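What follows is one structure encoded as structure tokens, with my remarks underneath.
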Amino acid sequence: MRVQVAIIGAGPSGLLLGQLLHRAGIEAVILERKSGEYVLGRIRAGVLEQGAVDLLDEAGVGARMHAEGLVHGGIHLCFDGERHRIDLAGLTGGKHVTVYGQTEVTRDLMDARAAAGAKTVYEAEDVSVHGFDTDSPVVRYRKDGKVHEITCDFIAGCDGFHGVTRESLPAGAVRNYERVYPFGWLGVLADVPPVSDELIYVNHPRGFALCSMRSMKRSRYYVQVPLDEKIESWPDDRFWTELKSRLDKQAAAAIVTGPSIEKSIAPLRSFVGEPMRFGRLLLAGDAAHIVPPTGAKGLNLAASDVRYLSRALIDHYRAGSMKEIDAYSGKCLRRVWKAVRFSWWMTSMMHRFPDTGEFGQKIQETELAYLVGSKAASTSLAENYVGLPFED
Ligand code: APR
Ligand code: PHB
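Structure below.
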């Protein structure tokens, strides 16, 4: 089989890239090692920057997002028992974020790809990439006991942090930057109305908490837990009690609890692999970088990379140029590092570290008090949270 672009991974990065390329008349195949149901079963993030919303519209998959997504103009920071609103829209000249689950984004992209009749191979086993330092790279995979080979012009590594493409690079080709955080997030999804109509980020001596949502009938809550916590130690009652203990009095009294429909513990890390392009192999999304979810940047960075990558590939096929392909990695990384910094900063300010102690807690609370009291400091948070500008 021959295609112009072989995409490895059918998560948000791979599916969004495939859809943008299809609409530009560029033929791409997506190889995904899991089933479609498995991919849809992953509970992930839920906040979209305007840039991601615009790109989903450009991909022709924005209808349900606009119908069902929740447009938010602010977030709340809760510390020292008090809640403070950050007026995102007021501080950024009217920019908003849209709360719309990654599962729904993935579902919309899968439906669009199926409707377009574009090829996705699910449960593709033993995917391997070859010759990406030549003009005609090759991808091989096994399906139904047979080995298949795809020749292509480019390979897009959209296969996430545990994928095969970054692992296939020659030793020493990637400079890795990483920080692993000494705690995790215990997340609960429940069909109960959210405690607030906007997100609440909580700094508390017992640890971080977050009140989010998927709709006005489905809530998403998180509490920081030690890395070695086991999900079995957290029956629903214990989770709700712990969450309430970290909220301000009004929220603790108002919260509606109920049975969890999903409950999991996720570790937190910051990771960036540089560069993001190796000949005809270009990495995008979690394949190239990971951020702690505190800044809600994971999905938005995936969309950011795909924005640059789709434009570079379209430019190549329309103008026969490699100029934007050559510029891809640098453009992505300048925006990636700013989001990595912001996510690290939010995580450092909102979480209880082993060495935080009483002095560290006072410093965090003082930094937060300064932030909510300073228009300059709040503007800095707001412009990063709604999404920094793109380079074009
Ligand atoms: N062969 C084929 N597919 C693979 C392989 C492989 N060897 N390894 C991984 N994959 C698939 C995974 O099964 C997954 O469906 O690649 C896909 C990668 O998707 P994600 O991990 O969701 O990464 P990405 O599409 O970049 O989306 C980033 O997902 O993890 C969240 O917080 C992150 O919101 C962000 C978003
Ligand atoms: C979520 O709704 O899952 C969510 C929202 C904001 C974050 C992280 C996760 O910063």
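Under numbering that gives the first Met the number 0, read the sequence shown as residues 0 to 391, first letter to last. Where a beta carbon is used, it is the ideal one built from N, C-alpha and C, also for glycine. For clarity, every value in this text was computed on a predicted model and none was experimentally measured.
Item, Value
"When you measure from the CB of residue 41 to every non-hydrogen atom of the ligand APR, does any distance come out below 8 Å?", "yes"
"How about residue 186 and residue 274: are their beta carbons less than 9 Å apart?", "no"
"Using 10 angstroms around the beta-carbon of residue 175, count the other beta-carbons present and answer buried if the total reaches 16, otherwise exposed.", "exposed"
"For my contact list, residue 163 and residue 7 are in at a C-beta cut-off of 8 Å; report their separation, rounded to the angstrom.", "7 Å"
"Identify whether residue 377 lies in helix, strand or coil by the three-state DSSP scheme.", "helix"
"Counting only C-beta atoms, is residue 382 closer than 9 Å to chain B at any point?", "Of the protein chains in the structure, only one exists, and it is not chain B."
"Using the Cβ count rule (16 or more neighbours within 10 Å means buried), how would you classify residue 361?", "exposed"
"Do you know offhand how far residue 236's Cα is from residue 258's?", "9 Å"
"Alpha carbon to alpha carbon, how far is residue 54 from residue 341? Give it in angstroms, no decimals.", "22 Å"
"Measuring only the C-alpha atoms, how far is residue 44 from residue 100?", "6 Å"
"When DSSP labels each residue in this structure, what does residue 331 get in the three-state scheme?", "helix"
"If I measure Cβ to Cβ from residue 285 and keep anything under 6 Å in the same chain, skipping five residues before and after, which residues do I get?", "159, 160"
"Taking the DSSP output, what are the residues bridged to residue 204?", "In DSSP, residue 204 forms no bridge with anything."
"Can you tell me where the beta strand (DSSP E) with residue 140 in it begins and where it stops?", "137-142"
"Should the segment 308-323 be regarded as contacting the segment 168-184, the criterion being three or more beta carbon pairs within less than 8 Å?", "no"
"With respect to 8 Å, is the separation between the Cβ of residue 388 and the closest non-hydrogen atom of the ligand APR below this value?", "no"
"Distance, Cα to Cα, residue 122 vs residue 32?", "4 Å"
"Whole angstroms is fine: what's the gap from residue 134's alpha carbon to residue 298's?", "30 Å"
"Let me confirm a value: residue 346 is counted as buried when at least 16 other C-beta atoms fall within 10 Å, else exposed. Which label applies?", "buried"
"Give me the residue from 85, 195, 280, 325 with the minimum Cα distance to residue 373.", "85"
"Roughly how many whole angstroms lie between the Cα atoms of residue 321 and residue 279?", "10 Å"
"Can you list, in chain order, the residues of its chain whose CB lies under 6 Å from that of residue 111, leaving out five sequence neighbours each side?", "18, 60"
"Pop quiz: residue 170 and residue 13 are said to be a contact at Cβ under 8 Å. What is the actual Cβ separation, rounded to whole angstroms?", "Rounded, the Cβ-Cβ distance is 26 Å, inconsistent with contact."
"What residues in its chain sit with their C-beta under 8 Å from that of residue 87, if we drop five residues either side in the sequence?", "71, 72, 73, 74, 94, 95, 96, 381, 384, 385"
"Closer than 8 Å: is that where the CB of residue 164 sits relative to any heavy atom of the ligand PHB?", "no"
"Please find out if some non-hydrogen atom of the ligand PHB comes closer than 8 Å to the beta-carbon of residue 266.", "no"
"Tell me whether residue 296 is buried or exposed, calling it buried when 16 or more other Cβ atoms sit within 10 Å of its Cβ.", "buried"
"Between the C-alpha atoms of residue 64 and residue 104, what's the straight-line distance to the nearest angstrom?", "8 Å"
"Run through DSSP, which three-state label would residue 71 get?", "strand"
"Ordered along the chain, which non-local residues of its own chain (more than five positions away) have a Cβ less than 6 Å from that of residue 52?", "97"
"Output the distance between the C-alpha atoms of residue 391 and residue 327, rounded to the nearest integer angstrom.", "11 Å"
"Just to check, is the beta-carbon of residue 212 closer than 8 Å to a non-hydrogen atom of the ligand PHB?", "yes"
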